[in-house]
Every structure is written in structure tokens, then in C-alpha cells.
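The block underneath contains the structure these notes are about, expressed in C-alpha cells.
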Amino acid sequence: MHYHTPATFEDAVKIAAACGGVTRFLAGGTDVLVQMRAGAVIPDDLIDLKHIPGVRDITRTPEGGWRIGIAVAGAELGAHDALCRDWPGVVEGMELVGSTQVQGRATLVGNLCNGSPAADSVPGLVAAGATVTVTGVNGSREVPVAEIPAGPGRTVLQPGEVISAISLPPRGENGGDAYLRFIPRTEMDIAVVGCAVNLRLDGDTISEARVALGAVAPTVITVQAAADAIIGTTLDDAALEALADAARAAATPISDKRGTAEFRTHVSGVMAQRVARLAYTRAKGAGK
Amino acid sequence: MSKIHVTTTVNGDTVEFLADPRETLLDCLRDRLGLTGSKEGCGTGDCGACSVMLDGRLVSSCLVLGVEAEGKTVDTIEGMARGDDLHPLQRKFIEHAALQCGFCTPGILVAAKALLDQNPDPSESEVRYWLAGNLCRCTGYDKIVNAVMDAAAEMRGAA
Chain D
1 MHYHTPATFE DAVKIAAACG GVTRFLAGGT DVLVQMRAGA VIPDDLIDLK
51 HIPGVRDITR TPEGGWRIGI AVAGAELGAH DALCRDWPGV VEGMELVGST
101 QVQGRATLVG NLCNGSPAAD SVPGLVAAGA TVTVTGVNGS REVPVAEIPA
151 GPGRTVLQPG EVISAISLPP RGENGGDAYL RFIPRTEMDI AVVGCAVNLR
201 LDGDTISEAR VALGAVAPTV ITVQAAADAI IGTTLDDAAL EALADAARAA
251 ATPISDKRGT AEFRTHVSGV MAQRVARLAY TRAKGAGK
Chain B
1 MSKIHVTTTV NGDTVEFLAD PRETLLDCLR DRLGLTGSKE GCGTGDCGAC
51 SVMLDGRLVS SCLVLGVEAE GKTVDTIEGM ARGDDLHPLQ RKFIEHAALQ
101 CGFCTPGILV AAKALLDQNP DPSESEVRYW LAGNLCRCTG YDKIVNAVMD
151 AAAEMRGAA
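Okay, structure coming up:
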């Protein structure tokens, strides 16, 4: 295995393009090293992206959003007060990934590119409307996070393409987001159902919303009908009931050792309601 | 496969070793540097027995490549005691009998120290969540948590 430490993303994709065999990009390594050890993926070329300037930085964009480097670890997100104030749901999703030790290394982009439908950080990013910069030999383009997963363990990234940054939009006024998952224990588990809600209030009324569900379909899904169920409401009981109906209707889960399809479908409705209440409360707090 | 020359700082000392790029930091610590305090339990980042500090951040050294340590600072269990003077956490683990077979102990001590360095007065819940990635098959955890709480109290001067 050849170990590369390029100084730019352009060099990184050039190396990848020139390599004939199995290539992996390395950031936090919490999935790549496990796959290497298991023999599931033995890269011929391992391209460590952490020597590229800026990959450990969290920076405010001129528009008031955030640009997060691809090697920023979960623990570093959680320690960033201003980012946590703007996007608590995004941060709390990432912080649910693994142990304290894993938090010292694991990254948002790694969680996204691992392609798990149950990835805890992805619903929050999707609900927030986050985008990633995809860099290839022919240049870079911005892609919504929601469009990256293609199925369990798969993404739409082409061979030689790499995600070079992740961007969150400006939080704006009277907004709130949240992520919760259901697991049968209290820590260190994989989501049976995950749900993120991002919304904005006009007074007490929800003016904008986005709802994302994890672990109930081959990819994290955006549920427009669930958002429509609460937009224009004050999240009253009728709206919450409509929200749960829409979430259950959108869920197409499998049955596995973590839960049956019937259970996951039911819990999708429960989680959507809880997360919407939490996001609503945060949006109210943000408005004061 | 040619080996890569790595220069890094381990427990305050500059060290050098040659690493196959596939070798983990844990393997390099144990096999290249003879620092066998960090243990391999699972090798997949689930058990915490290989916990070390990398540039001040708690990580599983089985999920770090040795070549990634180039130019970094690594702190392991071997650097915790000052000569014959045990760290308060180490003393309290003995006092509370917070270990039996001892395999998980180095990782738990490193992880617990990382917690107390940033939060000198953790609640029991905070200790339990922080150490959720450190598995112990002997003790049932209560004695470990008690030892960490007691060490924290002593280090605050509240014991």
C-alpha cells in the first residue's frame, strides 16, 4: 500500500486518477481502518487528506453560513460554541457517532461517504440544507448532501472524486434544528430510526421546514409531506398527528436485528413528533 | 513495501521509528517502541483498550496509522505516573479495586484523565457517558466510576 500526503485537493484527485488499483481517501479513518483490518478493503493507494491546509478549520462564510473542513472531528464540532448555537441539530447528530475516542477522529464527511442509511450525522445535514464541494480532476461542484448517498455503502461520487468541504447555510432568524435517534440502549449503538427537523418561525407559525429520516430506507430521505404537514401551523396536535402520518407513510424500512419494519415505521412517527417539538422550542428560544 | 520514517513525540520524548504504512499507531507503539501498556482488545475502535492522546485528543490508537503520527504528540499510559509517584487516578483505581484482569485499565486511565483534564468535576453520568467506549468484562464498571469520581474529588482538593 502506498501512503500519500498531498498538499492540495487538486493533487489528491490527480493521485487518485493516476492510481490503477483500489484507492481510499483518509480523513478520520474510523471506517477506513476498520475496513482495512477486516480485509474488506485493502487499498493499493491511501491518500491522507489531513496535510491539506484548512481541512481542520471551521470558518464563517461571508454570507453568514459555515464552511467545515473535511477532517474536523466530532469533538471539535461540539467544542465550537458559535456553530453549536447556529446548528445544534447538526452537531448533536455527529456527536452521537461512536465513543469519545471515535469522536476524536470521526468526521461529518466520513460519516456521509461511508454511506450508511443509519448514519447519525446525515439527517441533520440534509434537514439543514447542507452542501458539499465535490472535487474531481475536471474541477469542483457544489452538491446537496441529500444527493450524495446512493444506497447502503454507496454514494454518487465517481472514482477519483473527493469531497473537499462541507457548507452549512446561514442560520437566519427564528430558526431551530434538532436530531434524535431511537436505540434500545443509551449510548454506543446504531440508529433504529433517526430523524432531523429544521424549521423557521414567523411569530408562532412555522414558515419553513425540512424533515429528514434515517435508517428507514436505503438512504437518508427527505420527507416533503412531513414538512408540508407542519408548515403554516403552530405545531398544534393536529399538525403533529399529520406529521407522524407523513413520516410513517414515507418510511420503507427493512426488518433486521435492530428492529422490525413495523416497529421502525411506528417509531418514525414518534421521532418526527419529538424532534419537531425540540426544533420548535429551539426556534422560539432563538427568537428571544 | 518500503517503510516510512516517522518522527513523533511520545510522552514528551522525541522518538523515531520505521513503519509499514498499513501498521496502526497501536502496533507501532507496542512493536516498534516497546510501549506495551496500550492494549489491543478489538482492533476496530469498539473497546477503548488502546486509548491514547493524539495532539491532546482522546483517540483509539488502533484507528490511527503509525505514519499519521508524524510530527504529532502522543501521550500513552506509560507517561501517566511521575517516576514512582502514581497519578491520583492510578492510586484510586488500586484503592477502589477498580480492576481485575487489568487489560482495559490503561485505556480507561488514559480516557479518564482526558475527562478530568477538561472537566475536573464531572457528574457520575458524565463519567459513564465519557467512558462508554471503554469496555471492561470484569468489574461491572461501578468500581471504575467510583475510582474516577474519588480521584476527581482528590484532584480538586475536595476529598
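Respectively, the protein sequence lines represent chains D and B. Here the UniProt record's numbering is used: the first residue of the first sequence is 1, the next is one more, and so on. Here the UniProt record's numbering is used: the first residue of the second sequence is 1, the next is one more, and so on. By construction, the Cβ of each residue, glycine as well, lies at the ideal position given by its N, Cα and C atoms.
DSSP places B/V52 inside the beta strand (DSSP E), whose first and last residues are S51 to L54.
For D/P218, the CB contacts under 7 Å within the same chain, skipping 5 residues up- and downstream, are P117, G151 and P152 in chain order. The straight-line gap separating the alpha-carbon atoms of D/A146 and D/G194 is approximately 15 Å. Not flagged as an interface residue toward chain D: B/L135, since no C-beta distance is shorter than 7 Å. Close CB contacts of D/T205 within its chain, under the 8 Å cut and outside five residues either way in sequence, are with G232, T233 and T234 (chain order). Under the criterion of beta carbons closer than 8 Å, B/S60 and B/G79 do not qualify as touching, at roughly 18 Å. Separation of D/E173 and B/L86 (C-alpha to C-alpha, rounded to the nearest whole angstrom) is 53 Å.
Annotation for D/N198: no alpha helix (DSSP H) segment contains it, though the beta strand (DSSP E) segment containing it runs V193 to D202. Assignment of D/S140 by DSSP, reduced to helix, strand and coil, places it in the strand class. Nearest C-alpha to D/G29 among D/V90, D/G98, D/P62 and D/V223: D/G98. B/A132 reaches chain D at S99, E187 and M188, counting residues in chain order whose Cβ is nearer than 7 Å. The beta-carbon of B/P21 is placed less than 7 Å from the nearest beta-carbon of chain D. Pairwise C-beta distances place the stretch 42-61 of chain D out of contact with the stretch 119-136 of chain D, as fewer than three of them are shorter than 8 Å. From the listed residues D/V41, D/G110, D/D237 and D/P144, the smallest Cα separation to D/G69 is found for D/G110.
Taking all protein chains shown into account, D/G124 has 16 or more neighbouring C-beta atoms within 10 Å of its C-beta and is therefore buried. For the stretch 63-95 of chain B, the residues whose beta carbon sits under 8 Å from a beta carbon of chain D are, in order, L63, V64, L65, V67 and E68.
Per DSSP, the unbroken beta strand (DSSP E) holding D/P149 starts and ends at P149 to G151. By the Cβ rule, the stretch 83-102 of chain D does not count as touching the stretch 43-55 of chain D, because fewer than three pairs are nearer than 8 Å. Look at D/T100 here: in three-state DSSP terms it is helix. Going by beta carbons, D/D237 and D/A191 fall outside the 7 Å limit. In this structure, D/A27 places its C-beta atom within 7 Å of the C-beta atom of D/A71. The three-state secondary structure of D/T265, taken from DSSP, is helix. Close to chain B, meaning a Cβ-Cβ distance shorter than 8 Å, are the following residues of the stretch 43-71 of chain D: L46, D48 and K50. Look at D/H80 here: in three-state DSSP terms it is coil, with no helix or strand label. By the 16-neighbour rule on beta-carbons within 10 angstroms, B/H5 is exposed. A check of alpha carbon separations from D/F9 across D/I47, D/T155 and D/V156 identifies D/I47 as the nearest. Within chain B, the residues whose beta carbon sits less than 7 Å from that of D/T30 are G45 and L63, listed in sequence order. Proximity of the stretch 93-101 of chain B to the stretch 22-40 of chain B falls short of the contact definition, fewer than three beta-carbon pairs being nearer than 8 Å. Taking CB atoms only, D/G285 has no neighbour in chain B less than 7 Å away. Cβ-Cβ distances below 8 Å link D/V13 to T135, G136, V137, G160, E161 and V162 in the same chain, with the five nearest sequence neighbours on each side left out; the list follows chain order. Taking C-alpha positions only, B/E23 is separated from D/P184 by approximately 35 Å. Interface criterion met: the Cβ of D/V102 is under 7 Å from a Cβ in chain B. By the rule that beta-carbons nearer than 7 Å mark a contact, B/L58 touches chain D. Chain D places no beta carbon closer than 7 Å to that of B/S123, leaving this residue out of the contacts. Around the beta carbon of B/N119, fewer than 16 other beta carbons lie within 10 angstroms, which makes this residue exposed. Around the beta carbon of B/G102, a 10 Å sphere encloses fewer than 16 other beta carbons of the protein chains shown; the residue is thus reported as exposed.
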